[in-house]
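Numbering (this note's numbering), first residue to last: 1047 to 1807.
See the structure below:
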């Protein structure tokens, strides 16, 4: 009987084996082709060199370190870097890189333009890994080709200065590429820099989760080091010593309005070139360039765009009286070199003859300054039509769609989203659908997201489930759950989201099945969720077994996978599992091991401090946080402030809040709230109006403060400024204020059309 069945199945088995062999052969051919292409890409990056240069061989200027000013007496050339002033963050970043030389790392330095972040990063790799190879990729496509071909970069620094430039477009940097590079043979270290506002844009929670999904996932993989743009007291002392050997440092330390690093990069001259331009034409050109880039136009900005755009910044009489050479004269003014270091607009040429250029980039510091100065100023109304007419880059169209949407210019955003979709911009459908969902246009949103899934966009599952849940038509619940199941399998949806929806809908058996199936997923927290679920149903033995299995799984991952070993999340989950088992000693040991392995990850120290506070070991927790605070950890200072506020010691809390003011988000709000409670309204308002820093925008905390004082008209106007700055979260606050304290007609216009009606009328 068995022989008969086997004989009958033999042709089918043979056919399956033949198909599998052919499939394997095709995969081998594809891999070999990818490797060959990747080798060509790597050869192009090397240029004429036989191998990638070492860190010691690299020119820091070509890596993005700013040129320095020349002194009037000519004692320093702009190509000569100033002597390096050791920064407080040196130890943290060098420790991360040293650890990465053993197991790989992705290190990201956050700091404002001309804060010294790129110089700090360069000095760190030169001090710790000067004999390693350095790859400075021309674009993210290079990295993607290498990763897909399985080519490792052992003992190589991948240099990603201004990492946002590598993250846009169809071939932008993605999480899979980063993981593959870090998981190759031999350690590889990715290092990058980014401005704080860009980091916040990509990572902070938003009502619109359809924007910047890929960027958010990439940045979550990085270890973060923050660099303030002003020298600390200790850094100024060190700078005073260095000034003895470099007169540029000595001159910079005398500057009162700008920091040392900004002065060395000619920041004062850049700002004056714009704000004190001799006529409106030159000012208009620079302003047009700043606005274009801050709203998402590709950089460098083409001269064709600026020639059309600049007149929108002039009055009708200024346009009528312009000389025939107004644009050329303004361009010459804006591109003139300042103190031998930089220019307001820097010439860039693509397929140009020597001495010619067809585009300009805005000097980093001037772009940062101009973005803050014009944060709540919308461009001239005609600008959007001009942007759309000149923009063909898919990523730029999508970025400008996001910019318009974030400012609640919904009709304008729709035009750009549709153009981005037509240009095949990745994630354009998801971004547009997210806006449509928020606007209540659910049928259109669902159709777009279904189309995105059909086209293979793996990020659309969660958004489609949300839109189906909101619409709640016949059949939507079952489709929503089906979509969530698919999203979990595709890796776009966390199992916990599906589990929560199933439990909420009274389907515990299905929820339990998902939890059991998810125990091998990357979401380690599912062990805790399942254990809690079982305990609530009196299944205590199964609960304990799941917790023990979780402990075993996390230990195995830590021992065998460098990504989990270097992640604070692993030790956090391990502590929760041990605590759930009642083993507080093992829980504490897990956190302390995490602190040892992940010493520079702030969350690890904070988790240990919270554990100690829960165990009533307050003195130990405070000592731990104070030790990290003394080493420059602003987040630990903030945690100390929260502790003292809760303990009823506001004076001590205010000391810590003032100590970290301007270093991390939302400190000015906490400090102002405490001052308001104490009746010091003048100081509270001062803090909220500048956030502890003159260039910071007024935020929603100021709006709420004004409303609590009964100053509703000011609150409404301030809230409008916040919305116009691109803070989409404040749109709901504006509607609430107008509905309760404003004009009914204006409320309805804002609710139905955002700022569009007020802006274009």
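Backbone N, C-alpha and C fix where the C-beta goes; we use that ideal spot for every residue, glycine too.
Legend entry - Whether residue 1289 touches residue 1277 by CB criterion (8 Å): Here residue 1289 refers to the residue found at position 243 of the chain shown. Here residue 1277 refers to the residue found at position 231 of the chain shown. No, the pair does not count as a contact, with Cβ atoms beyond the cut-off.
Inset, instruction - Give every residue of the same chain whose Cβ lies closer than 6 Å to the Cβ of residue 1338, excluding the five residues on either side of it in the sequence, and list them in chain order. - result: Mapped onto the chain shown, residue 1338 falls at position 292. Cβ neighbours of residue 1338 beyond the five flanking positions: 1347.
Legend entry - Alpha-carbon to alpha-carbon, residue 1597 and residue 1695: Here residue 1695 refers to the residue found at position 649 of the chain shown. Here residue 1597 refers to the residue found at position 551 of the chain shown. The alpha-carbon atoms of residue 1695 and residue 1597 are separated by roughly 39 Å.
Legend entry - Inter-residue Cα distance where the pair is residue 1272 and residue 1557: Locating residue 1272 in the chain shown gives position 226, where the first residue counts as 1. Locating residue 1557 in the chain shown gives position 511, where the first residue counts as 1. When rounded, the distance between both Cα atoms is 41 Å.
Inset, instruction - Would you mind reading off the limits of the beta strand (DSSP E) that contains residue 1205? - result: In the chain shown, the residue the question calls residue 1205 occupies position 159. Its beta strand (DSSP E) spans residues 1202 to 1206.
Inset, instruction - Between the Cα of residue 1159 and those of 1151, 1686, 1129, 1239, spot the shortest distance and give me the residue it belongs to. - result: Here the question's residue 1159 lines up with position 113 in the chain shown. Looking at the Cα atoms, 1239 is the closest of the given residues.
Legend entry - Distance, residue 1142 Cα to residue 1740 Cα: Taking the chain shown and counting its residues from 1, the one referred to as residue 1740 is at position 694. Taking the chain shown and counting its residues from 1, the one referred to as residue 1142 is at position 96. At residue 1740, the pLDDT of 36 sits below 50, so the modelled position is not reliable and the matter cannot be decided from this model.
Legend entry - Span of the alpha helix (DSSP H), counted from its first residue to its last, around residue 1775: Walking along the chain shown from the start, residue 1775 turns up at place 729. Element bounds for residue 1775: n/a, residue is neither H nor E.
Inset, instruction - For the stretch 1263 to 1340, list the alpha helix (DSSP H) runs that are entirely contained and at least 4 residues long, ordered along the chain. - result: 1279 to 1288, 1293 to 1299, 1306 to 1310, 1313 to 1321, 1326 to 1340
Legend entry - For residue 1673 and residue 1656, the rounded distance between their alpha carbons: By one-based count along the chain shown, residue 1656 stands at place 610. By one-based count along the chain shown, residue 1673 stands at place 627. Answer to the nearest angstrom: the Cα atoms are 15 Å apart.
Inset, instruction - Within 10 angstroms of the Cβ of residue 1280, are there 16 or more other Cβ atoms? Answer buried if so, exposed if not. - result: For this step, residue 1280 is matched to residue 234 along the chain shown. Residue 1280 counts as exposed, since fewer than 16 other beta carbons sit within 10 angstroms of its beta carbon.
Legend entry - residue 1693, DSSP secondary structure in three states: Here residue 1693 corresponds to residue number 647 of the chain shown, with the count starting at 1. Coil, per DSSP.
Inset, instruction - Report the three-state DSSP secondary structure of residue 1408 (helix, strand or coil). - result: Within the chain shown, numbered from 1, the residue matching residue 1408 stands at position 362. Note: residue 1408 maps to strand in three-state DSSP.
Legend entry - Proximal residues to residue 1561 (C-beta, below 8 Å), its chain only, five neighbours per side dropped: Taking the first residue of the chain shown as 1, we reach residue 1561 at position 515. If we look at residue 1561 and ignore the five residues flanking it on each side, its Cβ neighbours are 1541, 1545, 1572, 1575, 1576, 1579.
Inset, instruction - Would you be able to state if there are at least three C-beta pairs under 8 Å between the stretch 1768 to 1787 and the stretch 1452 to 1459? - result: yes
Legend entry - Every unbroken alpha helix (DSSP H) within the stretch 1097 to 1178, with a cutoff of 4 residues, ordered by chain: 1136 to 1149, 1163 to 1174
Legend entry - From 1217, 1531, 1553, 1389, residue whose alpha carbon lies closest to that of residue 1473: The residue given as residue 1473 occupies position 427 in the chain shown. Answer by Cα proximity: 1217.
Inset, instruction - Would you check if the distance between the CB atom of residue 1181 and the CB atom of residue 1204 is smaller than 8 Å? - result: For the purposes of this step, residue 1181 is taken as residue 135 along the chain shown, with counting starting at 1. For the purposes of this step, residue 1204 is taken as residue 158 along the chain shown, with counting starting at 1. Yes; because the gap between Cβ atoms is below 8 Å, this pair is in contact.
Inset, instruction - Report the three-state DSSP secondary structure of residue 1590 (helix, strand or coil). - result: For the purposes of this step, residue 1590 is identified with residue 544 of the chain shown, where counting begins at 1. In the structure shown, residue 1590 falls within a helical segment according to DSSP collapsed to helix, strand and coil.
Inset, instruction - Would you kindly work out how many angstroms separate the C-alpha atoms of residue 1248 and residue 1591, rounded to a whole number? - result: For the purposes of this step, residue 1248 is taken as the residue at position 202 of the chain shown. For the purposes of this step, residue 1591 is taken as the residue at position 545 of the chain shown. So the alpha carbons of these two residues sit roughly 39 Å apart.
Legend entry - Selected residue, minimal CA-CA separation from residue 1265, among 1369, 1155, 1335, 1340: Residue mapping note: residue 1265 aligns to position 219 of the chain shown, counting from 1. Residue 1155 is the option with its Cα nearest to residue 1265.
Legend entry - At least 3 beta-carbon pairs within less than 8 Å: the stretch 1354 to 1374 vs the stretch 1412 to 1419: no
Legend entry - Closest residue to residue 1131 among 1098, 1169, 1152, 1108 (Cα-Cα distance): If you number the chain shown from 1, residue 1131 lands on position 85. With distances taken between Cα atoms, residue 1131 lies closest to 1169.
Legend entry - Sub-8 Å separation of residue 1686 and residue 1710 beta-carbons: As a working note, residue 1686 is residue 640 in the chain shown. As a working note, residue 1710 is residue 664 in the chain shown. No, these two residues do not count as a Cβ contact at 8 Å.
Inset, instruction - Report yes if the C-beta distance between residue 1317 and residue 1237 is below 8 Å; otherwise report no. - result: By 1-based counting over the chain shown, the position of residue 1317 is 271. By 1-based counting over the chain shown, the position of residue 1237 is 191. No, these two residues do not count as a Cβ contact at 8 Å.
Legend entry - Same chain, Cβ closer than 7 Å to residue 1703, neighbours up to 5 away in sequence not counted: Locating residue 1703 in the chain shown gives position 657, where the first residue counts as 1. In chain order, 1687, 1713, 1716, 1717 place their CB closer than 7 Å to the CB of residue 1703, counting only its own chain and leaving out the 5 sequence neighbours on each side.
Legend entry - Distance, residue 1364 Cα to residue 1260 Cα: The count along the chain shown starts at 1 and reaches residue 1260 at position 214. The count along the chain shown starts at 1 and reaches residue 1364 at position 318. Rounded to the nearest angstrom, the two C-alpha atoms are 44 Å apart.
Legend entry - Nearest-angstrom Cα separation, counted from residue 1529 out to residue 1420: For the purposes of this step, residue 1420 is identified with residue 374 of the chain shown, where counting begins at 1. For the purposes of this step, residue 1529 is identified with residue 483 of the chain shown, where counting begins at 1. Computed Cα separation, rounded: 42 Å.
Inset, instruction - Please work out which residues of its chain come closer than 6 Å, Cβ to Cβ, to residue 1787, disregarding the five sequence neighbours upstream and downstream, and give them in chain order. - result: The residue given as residue 1787 occupies position 741 in the chain shown. Here the set comprises 1758.
Inset, instruction - Report the residue from 1164, 1099, 1097 whose alpha carbon sits nearest the alpha carbon of residue 1127. - result: Along the chain shown, one-based indexing puts residue 1127 at 81. Comparing Cα-Cα distances from residue 1127 to each of 1164, 1099, 1097, the minimum goes to 1164.
Inset, instruction - Leaving out five residues on either side along the sequence, give the residues of the same chain with a beta carbon under 8 Å from the beta carbon of residue 1504. - result: Your numbering for residue 1504 matches position 458 in the chain shown. Closer than 8 Å at Cβ, skipping near neighbours: 1536, 1537, 1538.
Legend entry - Alpha-carbon spacing of residue 1254 relative to residue 1482, whole angstroms: In the chain shown, the residue the question calls residue 1254 occupies position 208. In the chain shown, the residue the question calls residue 1482 occupies position 436. Because the pLDDT of residue 1254 is 45, which lies under 50, any placement of that residue in the model is unreliable, and the question is left without a value.
Inset, instruction - Enumerate in chain order the residues of its own chain whose CB-to-CB distance from residue 1564 is below 6 Å, with the five nearest sequence positions on each side excluded. - result: As a working note, residue 1564 is residue 518 in the chain shown. 1541, 1572, listed in sequence order.
Inset, instruction - Use the C-beta contact count for residue 1790: other C-beta atoms within 10 angstroms, 16 or more gives buried, fewer gives exposed. - result: Within the chain shown, the letter at position 744 stands for residue 1790. Exposed, since its Cβ has fewer than 16 Cβ neighbours within 10 Å.
Inset, instruction - Give the range of the beta strand (DSSP E) segment to which residue 1392 is assigned. - result: Sequence index remark: in the chain shown, residue 1392 carries index 346 (1-based). 1391 to 1394 is the extent of the beta strand (DSSP E) around residue 1392.
Legend entry - Beta-carbon spacing of residue 1390, residue 1320 below 8 Å: Position 344 of the chain shown, counting from 1, holds the residue named residue 1390. Position 274 of the chain shown, counting from 1, holds the residue named residue 1320. Yes, Cβ-Cβ distance for residue 1390 and residue 1320 is below 8 Å.
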